[in-house]
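Protein chains in written order, with the numbering used here: chain A, 3 to 527; chain B, 3 to 527.
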């Protein structure tokens, strides 16, 4: 395994505009710019061009299995390959492709998935033996732990928001050599969808940018259908090879870790408080739109919102997915007019996509790329999001735990927070014996400038820059509390804050959606 | 009006691989490559990049009227502007925009429409006074006549196929400064569609490439709808301004010149012969797919095909539109499984698009760009297309009349012909007193290498390279005739062929779909 430079060390970092320290370049060759604020413009006027190809009819792109596909696209040492995570913890494709790459003796792969899950712990031996050189993408669970302990050094993982990842591809920050795109149905020319078939996973929003820009595109499917695939999410024009395999995934794994509504009475109370906040601030009226995070409290908010709208006869505008049955219910009851869906979190979302014309599949480019004419997140009234930590500057951490371990991806958190008129973070004041509200978050995922309200089981804190909200909530006699008070209360309840015991080596960079580095994550000692 | 060089003259042309003479550059700055064969690869590996933008929420892009939009995108002298022609002869947007440009004193505009129609004769004064400098696009009727008489000199019109025009944009051959995209519904962020609204025109296949690549995009709509527009054909991410106007078009004009089935008994006989040819050659079976031209004979073929499939219980695969009620009928009767629709030719097509999930909107990139991973036309079994002239090398002309006048666009003719397994040209042997089958076509639109069968009211000619077809049709005792015999018969019936009385100045270039010049059109004396 090549290691052109040692790991990035703390004393080589520069300070960004919110006082966090970040690198300016990485051993895998990324130039990094420090975060300067919410809306930095693109660095160049035009993105990278799409690859041009030559098509000669008649064409049949089907090959049997992954090895044949790898040969056909001439995948070789040092190339960058990408994957989407719509099959989440039920995904079989990433492991299958890396098994083949390993078997074929290809080395030094740059792995550029949207996100990896516990099922991908399988890859650790391939990191150790040099098959995989670096990873840029969200690491959920074991691979995050492995990275935190230095397993990927000297290469830092780069974590991007959903909108930021498509931005990075479109701007040419990351060039993909081969995109492997799991599809639950595809035809011989490569027209594909995730909406139908035995391994259906719904909208395939992550895959669009990879298909548009990768030098070679391999569709991996267990369901070859007669031409034309119906519906067509991504067209044949972006496809080089269709690899037929036995099984792309286990649909049971799609909802992993996301679709259980909370059963914790104090978090159900927090969810109710969110409705009260929105009500008091006057947001709950016809035309209201929202995005909910994947956590159990956010799901509870959606449920209560549906109940509220139904009771009051309000018709909202749209819900932006990750889509769940709770949102589908609102569409079907007529309390929202449309679902814009970039990824499904449960079976009801998958089924609704093909059934209801007002449930529309969108790309993550459309969802959240800020360097466009305007993504969906910039039209949202509200979002309800979770946190592992929140600090007194309203900065939010969703990536690391207070012990310093990198265990979660960024997802659409930052995109939603920055885009929405009102961004509400829901969190318990204390989780286990660990304070959630702190003086300083271990890692900044979403900057406090983009956060308006923090609703906890010990009161509601409003970002002082939102005087209007503060005024409305006061009038409604909601239990307001200063965020510093929350921090102090948490300290009082559990003693001092946990401080991560970390070293000097940067194991990950948190990239803000415009491509600037908002924070670094350090190796856990 | 700037005229950097004189017109391109005959003696400066070079010969291409089918013996036609073409320029190597033009005064508007295009480099032109001579045609070398059906499947020339792209010249470069990557296309031009998309423009990057900066989006800051909340956004409302709506302005009142065209002048406000022109100011907002800073349209200025010498810029290139583009339009789609989905509203065909009912389009009000092109004239409206050029009226505003003229009123505002902007000059030297490069006009890059997909096609112009008789209603756009209105632009002639703007060409004469220097508001419009050059035009690249299909000219149907009066503007073609005007160009043929030298009205646009020294600038040649460049006519492209539907697939070839998106190729030219994606490769960066033509850079669009401002795309004006008519939409029958759009929201404040610019999400748009042609499928619904009082001026609905159906699929908006032409507009995708313009939206993707134009430096600025203005949506022009008479139907501002609440966010999000439903359905969304082109997303807000590509849009800078939404211009609200009173009326974008007259839906009655959409079907102009295209949707009447022929009433000519000899052409109805020709249409029946096409079915016999396909039947004899063994093509008419489950999985059959086709594209029909917009002419009255092609429509008759579709009708007979629908009858045949219904009678025999055959289920075809797909029809590629220009979509008509005849194709919709097949989908609804279950004799085809899907319609892939890039443009509508009548009201039934428009209505079906929103009603039937197997009727899918596609871009012209997907329809026919040969420099991709594979467009739809490359998957077609058959196409039935018209001609103004056919010659003994099976070259087809659809652009000029035998008197030399440029009166028609290329459309998808060449894309369909090159892509399909079997390409059938339908034509009367003589039209008026003018032979259609000739020794040499006045202008080559589609090269004979891509044409398999010519069906006339005086017999069926098969391209000798298709020995297999010849054999099948002989066995079926169809009235085969050598193409030279057809030519001679036409001469016998009407005396000598008409020869266009043209001068030395090139008024138009016919660009083949890969970007190579296949022929030149000369000024009519």
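We treat Cβ as the ideally placed atom computed from N, Cα and C, and that holds for glycine. Quantities reported herein were computed from a predicted structural model and do not represent experimental measurements.
(Q) Tell me the rounded alpha-carbon separation between residue 136 (chain B) and residue 378 (chain B). (A) Here the alpha carbons of residue 378 (chain B) and residue 136 (chain B) stand approximately 31 Å from one another.
From the DSSP output, in three-state form, read off residue 23 (chain B) for me.
Of the three classes helix, strand and coil, the one that applies to residue 23 (chain B) here is strand, per DSSP.
Nearest chain B C-beta to residue 19 (chain A) closer than 8 Å, yes or no?
Taking Cβ atoms only, chain B never reaches closer than 8 Å to residue 19 (chain A), which makes this a no.
Figure out for me which residue from B:467, B:448, B:390 and B:231 has the closest Cα to the Cα of residue 437 (chain B).
Residue 437 (chain B) has its Cα closest to that of B:390, out of B:467, B:448, B:390 and B:231.
Could you tell me whether any Cβ in chain A is nearer than 8 Å to the Cβ of residue 319 (chain B)? At least one C-beta of chain A is nearer than 8 Å to the C-beta of residue 319 (chain B).
Notebook entry, point to check: According to DSSP, which residues form a beta bridge with residue 239 (chain A)?
Noted result: According to DSSP, residue 239 (chain A) shares a beta bridge with no other residue.
Counting only runs of 4+ residues fully inside the segment 106-152 of chain B, write out the alpha helix (DSSP H) ranges in chain order. Here the runs fully enclosed are 126-130 and 144-150.
| request: Please check if any C-beta of chain B sits within less than 8 Å of the C-beta of residue 55 (chain A). | output: Using a CB distance cut-off of 8 Å, residue 55 (chain A) counts as an interface residue toward chain B.
From B:160, B:521 and B:53, residue whose alpha carbon lies closest to that of residue 49 (chain A)
Cα-wise, what sits closest to residue 49 (chain A) is B:53.
Exercise. Quick one: does residue 360 (chain B) have its CB under 8 Å from some CB of chain A?
Worked result: Interface residue, yes.
* Measuring CA to CA, which of A:214, A:218 and A:127 is closest to residue 367 (chain B)? -> Selected option, being the one with the closest Cα: A:214.
When we look at the beta-carbon of residue 6 (chain A) and count the other beta-carbons within 10 Å, is it buried (16 or more) or exposed? Its pLDDT being 49, under 50, residue 6 (chain A) is placed unreliably in this model, and the value from its coordinates should be taken loosely. It counts as exposed.
*asked:* Measuring only the C-alpha atoms, how far is residue 42 (chain A) from residue 383 (chain A)?
replied: The alpha-carbon atoms of residue 42 (chain A) and residue 383 (chain A) are separated by roughly 22 Å.
Taking the C-alpha atoms as reference points, what is the distance between residue 15 (chain B) and residue 32 (chain B)? Their Cα atoms are separated by approximately 15 Å.
| message | Nearest by alpha-carbon distance to residue 238 (chain A): which of A:218, A:250 and A:251 is it? | response | Looking at the Cα atoms, A:218 is the closest of the given residues.
- Going straight from the alpha carbon of residue 12 (chain B) to that of residue 343 (chain A), what length do you get? Rounded to whole angstroms, the gap between the alpha carbons of residue 12 (chain B) and residue 343 (chain A) is 57 Å.
query: If you run the structure through DSSP and keep just helix, strand and coil, what is residue 332 (chain A)?
result: In the three-state DSSP reduction, residue 332 (chain A) falls in the helix class (H, G or I).
- Query: In or out: residue 118 (chain A) buried (at least 16 other Cβ within 10 Å) or exposed?
  - Reply: So residue 118 (chain A) counts as buried.
| request: Using a cut-off of 7 Å between C-beta atoms, extract the partners of residue 239 (chain B) located in chain A. | output: Chain A residues near residue 239 (chain B): 367, 368, 371, 374, 375, 376 and 377.
Q. So with Cβ pairs under 8 Å, would you call residue 332 (chain B) a contact of chain A?
A. At a cut-off of 8 Å between beta-carbon atoms, residue 332 (chain B) makes no contact with chain A.
With DSSP as the reference, label residue 429 (chain A) as helix, strand or coil. Of the three classes helix, strand and coil, the one that applies to residue 429 (chain A) here is coil, per DSSP.
Exercise. Reducing DSSP to helix, strand and coil, say where residue 177 (chain B) ends up.
Key: Under the three-state reduction of DSSP output, residue 177 (chain B) falls in the coil class, being neither helix nor strand.
Inset, instruction - Alpha carbon to alpha carbon, how far is residue 113 (chain A) from residue 67 (chain A)? Give it in angstroms, no decimals. - result: Taking the straight line from one Cα to the other gives about 20 Å.
Quiz item: When you check each C-beta in the segment 155-182 of chain A against every C-beta of chain B, which residues fall closer than 9 Å?
Solution: Near chain B, meaning a CB-to-CB distance below 9 Å, the residues of the segment 155-182 of chain A are 169, 172, 173 and 174.
_Under DSSP, the alpha helix (DSSP H) around residue 300 (chain A) begins and ends at which residues?_
298-314 is the extent of the alpha helix (DSSP H) around residue 300 (chain A).
Chain A within 8 Å of residue 83 (chain B), Cβ atoms only: Cβ-Cβ to chain A under 8 Å: no for residue 83 (chain B).
Examine chain D for any beta-carbon lying closer than 8 Å to the beta-carbon of residue 297 (chain B), and answer yes or no.
The chain labelled as chain D is not found among the protein chains of the depicted structure, namely A and B.
* Kindly indicate the opening and closing residues of the alpha helix (DSSP H) around residue 42 (chain B). => It is not in any alpha helix (DSSP H) - residue 42 (chain B) carries neither H nor E in the DSSP assignment.
Practice problem: Please name the residues in the segment 381-395 of chain A whose beta-carbon is closer than 7 Å to at least one beta-carbon of chain B, in chain order. | Solution: Under the 7 Å Cβ criterion, the segment 381-395 of chain A contributes 381.
Residue 284 (chain B) classed as buried or exposed, judged by whether at least 16 other C-beta atoms fall within 10 angstroms = The residue is exposed, with fewer than 16 neighbouring Cβ atoms inside 10 Å.
#### Entry: Segment limits, alpha helix (DSSP H) that includes residue 67 (chain A)
That run of the alpha helix (DSSP H) goes 67-74.
>> Nearest by alpha-carbon distance to residue 46 (chain B): which of B:522, B:516 and B:503 is it?
In response: Taking each of B:522, B:516 and B:503 in turn and checking the Cα distance to residue 46 (chain B), the smallest one comes out for B:516.
**Message:** Strictly under 8 Å for the Cβ-Cβ distance: is residue 308 (chain B) near chain A by that measure?
**Reply:** Cβ-Cβ to chain A under 8 Å: no for residue 308 (chain B).
Presumed contact (8 Å Cβ cut-off) between residue 511 (chain A) and residue 519 (chain A), rounded CB distance:
The Cβ separation is near 5 Å, so the contact holds.
Minimum Cβ-Cβ distance from residue 233 (chain A) to chain B less than 8 Å: Closer than 8 Å to some Cβ of chain B, the Cβ of residue 233 (chain A) qualifies, so yes.
Under a three-way DSSP split, which group does residue 396 (chain B) fall into?
-> Coil.
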